[in-house]
Amino acid sequence: MEQMRLYFEGEEFKSIKDIVPRCYKKVRNKYKQVAGESIDDFRNFIVCETLLEVAEELKQIALYRQNLNI
6 MEQMRLYFEG EEFKSIKDIV PRCYKKVRNK YKQVAGESID DFRNFIVCET LLEVAEELKQ
66 IALYRQNLNI
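Each residue of the sequence shown is one higher than the one before, starting from 6 at the first, in the numbering used here.
Here it is as C-alpha cells:
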C-alpha cells in the first residue's frame, strides 16, 4: 500500500504531527475487510475513511484553537 503524505510547515506541523498514521491506525482497527470484497476496493475504502478521519481531527484542532481565542 502506498504511503499517504501531508506536508505542513511551521506551527501547523507541531499541532498535527503524526496525525495521518494515527488516523490510519484508528480506521484499520475500526473496519475489517468483508468476505467477497476485493483488496483494491478495501484499500480505497480505507484511504477514503482515513482522509475523512484526518479532516475530522483537523476540524477538532481548529475548533479548540478558536475557543482559546474567545
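A virtual CB, placed ideally from N, CA and C, is assigned to each residue, including glycine.
Note that this is a predicted model, so its numbers are computed, not measured.
Original post:
CA-CA distance, residue 36 and residue 51?
Top reply: Near 8 Å, if we compare the C-alpha coordinates of residue 51 and residue 36.
Original post:
Is it a yes or a no for the stretch 54-69 touching the stretch 39-46, going by three-plus beta-carbon pairs under 8 Å?
Top reply: No, because fewer than three Cβ pairs between the stretch 54-69 and the stretch 39-46 fall closer than 8 Å, the two stretches do not touch.
Original post:
What's the C-alpha gap between residue 26 and residue 32?
Top reply: Taking the straight line joining both Cα atoms gives about 10 Å.
**OP:** Give the straight-line distance between the Cα atoms of residue 30 and residue 46, rounded to the nearest whole angstrom.
**Re:** Their backbone Cα atoms lie some 18 Å apart in a straight line.
Subject >> Where the alpha helix (DSSP H) through residue 29 begins and ends >> reply: Annotation for residue 29: the continuous alpha helix (DSSP H) segment containing it runs 24-35.
Original post:
So, helix, strand or coil for residue 67, using DSSP?
Top reply: Here residue 67 sits in helix by DSSP.
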